[in-house]
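For the sequence shown, my numbering assigns the number 16 to the initial residue and increments by one for each residue that follows.
Below is one structure, written out as structure tokens; the observations come after it.
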Amino acid sequence: MDYTAPPFEVTFKGLLFDMDGTIIDSTAAVVKHWHTVGNEIGVDPEVILQTSHGRRSIDMLKVLSPDKANWEYVRHMESLLPKLHGADAVEIPGARALLDSLIAAKARWTIVTSGTVPLVEGWMDVLKLPRPEHLVTAESVANGKPDPACYDLGREKLGLTPADSPQVLVLEDSPAGIRAGRAAGCKVLGLVTSHTAEQVQAAEPDWIVRDLRSVSLVRASEEHGGTVTLRISGALAPSPNGAAQE
């Protein structure tokens, strides 16, 4: 894959970040976690891991172990993950710098995740990450990604309307999340952190980068209720026919 597209600038009214694979990488912790849960519920952990990333635990359990598909079990199960495996999580390169710059600019941003409140708050505590004013979590919507409800709600929490969706950027790593962002009418930046470039490309985000080191805040403006202009560099180069270059 050729990450050599010329740098460019694009302006948005708000940013919606996925959590795992976009702000943090807890892959090692999640693998250990699902091995424990899989053994507990009698399901091969490898089967779970094939499709778990970017999806809510409760949606997985509805299929794999319906008797465990309740919020009490899921919230307790996920609350243990940062406590038991906190040392296995790391920040996605560039994530903290981007968040800090958005906060300094008083930009609109929030986190839209398939994790529960105990999981998200646990990771924020372990990694000492900045907290947005609002959160959209697994409990916030009836249907998880790739359903667009979570990103619709995220946009709403930023005080924006459906008409603003094309000026909202979703930052995602999972195909399910990328599809959710697109279905919500937002622009989507795909990160190649948890999936292959080919898998990210197949979900058809607007742009693809390796990680958030490719994204920086150029300026913020109070026009139109507040906007931020981002510089995106090192994106996957388009091929002559318009698709991303392999």
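No residue lacks a Cβ here, since even glycine has one placed at the ideal position from N, Cα and C.
Minimum Cα-Cα distance from Ile56 among the listed residues Leu76, Thr37, Ser41 and Arg71 corresponds to Leu76. When only Cα atoms are considered, Thr128 and Asp33 end up about 5 Å apart. In the DSSP annotation of this structure, Leu99 is not part of any beta strand (DSSP E); the continuous alpha helix (DSSP H) holding it starts and ends at Trp86 to His100.
In this structure, the CA atom of Gly130 is about 8 Å from the CA atom of Glu93. Pro97 counts as buried, since no fewer than 16 other beta carbons sit within 10 angstroms of its beta carbon.
Setting aside the 5 residues that flank it on each side, Ser236 is surrounded in the same chain by Thr242, each with a C-beta closer than 7 Å to its C-beta; the list follows chain order. Secondary structure at Thr42: helix, using DSSP grouped into helix, strand and coil. Judged by pairs of C-beta atoms under 8 Å, the region 149-169 touches the region 186-203, as three or more such pairs exist. Here Val62 carries a helix assignment [DSSP, helix/strand/coil].
A check of alpha carbon separations from Glu238 across Phe27, Asp17, Ala20 and Asp140 identifies Phe27 as the nearest.
The C-beta distance from Leu227 to Gly109 rounds to 3 Å, short enough to fall under 8 Å. The residue from Leu184, Pro145 and Leu79 with its alpha-carbon nearest to that of Trp49 is Leu79. Straight-line spacing of the CA atoms in Pro60 and Thr42 works out to 14 Å. For Arg246, the enclosing beta strand (DSSP E) covers residues Thr242 to Ile247. Approximately 16 Å separates the beta-carbon atoms of Leu117 and Leu206; this is outside 8 Å, ruling out the contact. Classified as exposed, Lys143 has fewer than 16 neighbouring CB atoms from the shown chains inside 10 Å of its CB.
Residue state for Asp35 is assigned as strand, using DSSP reduced to three classes. Apart from the 5 residues on each side of it in sequence, Gln214 sits with its Cβ closer than 8 Å to the Cβ of Pro190 in its chain, given in chain order.
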